[in-house]
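J.: Let me give you the structure first, and then I'll get to my questions.
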Amino acid sequence: MAKSTMFRKAGNFTPKSSFDEKKIKNTAKKTPKKVEQHRKNIKVSEIQKKSIDAIKMINGLTYDYEVIQLLADKYIAEASDSEKRKYNVFME
1 MAKSTMFRKA
11 GNFTPKSSFD
21 EKKIKNTAKK
31 TPKKVEQHRK
41 NIKVSEIQKK
51 SIDAIKMING
61 LTYDYEVIQL
71 LADKYIAEAS
81 DSEKRKYNVF
91 ME
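For the sequence shown, the positions run 1 to 92 when my numbering is used.
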């Protein structure tokens, strides 16, 4: 190909609107909404997994996170006042 055919010749067509970089930058800056719950993975031994499964069956729960929340709630219910304060500080 010759250089003269590679570049667009002036006057081929007239654009309907001019290109504006600012419009593109403004639309690209939109941030996604923050999601409060993110999926996290934890590693547990096989014995701990069996224990979680047993607790799920006993309490009629479906998901592992429900068991973890149940255990955390029971821990807080039985914790002393100083442990509850520490827990609240770490949760903030």
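Note that beta-carbon positions come from the ideal geometry of N, C-alpha and C, so glycine has one too.
Am I right that Val44 and Ile55 are in contact with their C-beta atoms under 8 Å? What's the rounded C-beta distance?
T.: Not a contact, Cβ separation roughly 13 Å.
J.: When DSSP labels each residue in this structure, what does Ser17 get in the three-state scheme?
T.: coil
J.: According to DSSP, is Glu78 part of a helix, a strand, or is it coil?
T.: helix
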